[in-house]
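**Student:**
In this note's numbering, the protein residues as written are 279 to 429.
Following this line, the structure appears as C-alpha cells:
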C-alpha cells in the first residue's frame with residue numbers, strides 16, 4: 279500500500295472515518311425500538327380518525343401512512359443534522375462522500391432504497407458484508423456513507 283488517499287475516500291473529502299458495521303447495526307436496533315413508539319402513536323391517531331384499517335382500501339392507505347411517517351422521521355433527521363436519534367446515541371452521522379449535506383431528493387431516495395433492500399430479505403444491509411468499504415447498498419448507490427461523529 280502506498281498510503282495515498284483517493285478522492286472518494288472519507289479522509290480525502292474531510293468527512294471523517296467510516297463507521298464500523300457493529301455500531302451501525304446497533305444503531306439500527308436502537309432505531310427500531312424508537313420506531314415502535316413513533317408507529318404506535320401515529321397508528322393510534324390514524325385509527326382514531328379513520329376507524330378500522332384491517333381490510334379493504336383503508337388497510338393499504340394505513341400501510342402507506344406508516345411508511346410515510348417513518349420516512350418523514352428519517353428524512354427530516356438526515357437533512358437537519360445527518361443523524362437520527364439512534365445514530366446520535368452511537369456517534370454516527372450520514373454524509374455524502376463529498377462532505378455536503380444530503381439534499382431532499384437524495385434523502386428520499388436513500389429511504390426508499392433502504393426500504394426496498396430491507397423488503398428484499400435485508401439484502402441492502404447485508405451487502406455491507408461483501409462491500410469492500412463495508413457500505414450498505416443504498417449508500418453505495420447514492421454516494422453517501424455513515425461516518426463516526428462526536429457524541
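Cβ atoms here follow ideal geometry from the backbone N, Cα and C, with glycine treated the same way.
#1: Given a cut-off of 7 Å on the beta-carbon distance, is the pair residue 356 and residue 380 in contact?
#2: I'd like to know if the stretch 386-403 and the stretch 415-423 are in contact, where contact means that at least 3 CB-CB pairs between them fall below 8 Å.
#3: Below 8 Å on the Cβ atoms is my guess for residue 425 versus residue 371; work out the distance and round it to an integer in Å.
#4: Please state whether the Cβ-Cβ distance between residue 365 and residue 304 is less than 7 Å.
#5: May I have the straight-line CA-CA distance separating residue 301 from residue 308, to the nearest angstrom?
#6: With a Cβ-Cβ cutoff of 7 Å, do residue 337 and residue 346 count as a contact?
#7: DSSP three-state label for residue 366, please.
#8: Given that a residue counts as buried once 16 or more other Cβ atoms are within 10 Å of its Cβ, and exposed if not, what is residue 352?
#9: Please state whether DSSP places residue 380 in a helix, a strand or coil.
#10: If you count every other CB in all the chains shown that lies within 10 Å of the CB of residue 402, and 16 or more means buried, which is it?
#11: Please classify residue 423 as buried or exposed, where buried requires at least 16 neighbouring CB atoms within 10 angstroms.
#12: Within 10 angstroms of its Cβ, does residue 322 collect 16 or more other Cβ (buried), or is it exposed?
#13: What's the C-alpha gap between residue 327 and residue 299?
#14: First and last residue of the beta strand (DSSP E) that includes residue 425?
#15: Whole angstroms is fine: what's the gap from residue 329's alpha carbon to residue 340's?
**Tutor:** A quick look at the data gives this:
#1: yes
#2: yes
#3: 6 Å
#4: no
#5: 10 Å
#6: no
#7: helix
#8: buried
#9: coil
#10: buried
#11: buried
#12: exposed
#13: 41 Å
#14: 422-426
#15: 11 Å
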